[in-house]
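First comes the structure, then the notes that go with it.
In full-length UniProt numbering, the protein residues as written are 1 to 151.
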């Protein structure tokens with residue numbers, strides 16, 4: 001689930017870490033969750049009316065994870081079917097999800113020197129102070145900030 005919704009995983013992790021007193025003070029959830037499309041769903045029959053307690057929070061977390069993973073089954077199957085038309089499924093089993101992601105999407109790490117070598121300037125040169133400032137700023141960015149810049 002972390003690869004799909006990191007914030008959800010962090011929130012669920014916090015729910016499990018709270019001591020019983022803090023949990024009862026801070027958490028006012030029922031057995032329902034919001035899916036990625038914004039729709040509220042009950043995690044079990046009558047879940048909208050069943051409060052989550054310190055004693056039932058483990059079940060709540062498990063049901064949220066199950067619901068969030070199951071919400072994308074149709075899309076995952078469609079992707080699998082399309083991918084299978086290009087690469088035999090038995091071959092895909094040789095790759096971890098991380099390796100497959102890199103093969104499909106490319107390396108997520110952005111190397112500033114590679115970007116600099118392939119940059120074409122228009123209206124200024126690589127030695128212009130603005131260009132130098134840009135490269136200095138990009139070098140200071142972490143990978144996430146570099147990805148956001150390129151988007």
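Ideal placement from N, C-alpha and C gives every residue a C-beta, glycine not left out.
- The beta carbon of residue 48 is closer than 6 Å to those of 30, 32 and 42 in its chain, skipping five residues each way along the sequence.
- Taken through DSSP and simplified to helix, strand or coil, residue 56 comes out as coil.
- Taking the Cα positions, residue 93 is about 30 Å away from residue 111.
- Around the beta carbon of residue 133, fewer than 16 other beta carbons sit within 10 angstroms, so the residue counts as exposed.
- In this structure, the alpha-carbon of residue 15 lies about 39 Å from that of residue 84.
- Considering only 150, 79, 44 and 96, the residue with the shortest C-alpha distance to residue 67 is 44.
- Residue 149 and residue 90 have their C-alpha atoms roughly 37 Å apart.
- If you look at residue 33, you'll find it in the beta strand (DSSP E) that goes 32 to 34.
- Restricted to the UniProt domain "HECT" (1 to 151), the alpha helix (DSSP H) segments that are unbroken, complete and at least 4 residues in length are 6 to 17, 20 to 26, 57 to 70, 73 to 84, 89 to 92, 97 to 105, 112 to 117, 129 to 140 and 143 to 150, listed in chain order.
- Of the candidates 123, 58 and 138, the residue whose Cα lies closest to the Cα of residue 12 is 58.
- Under the 10 Å beta carbon count, residue 63 is surrounded by 16 or more other beta carbons and is classified as buried.
- Cβ atoms of residue 124 and residue 131 come within 8 Å of each other, at about 6 Å.
- By a beta-carbon distance limit of 8 Å, residue 20 contacts residue 54. Their separation comes to about 4 Å.
- A distance below 8 Å separates the beta carbons of residue 71 and residue 36.
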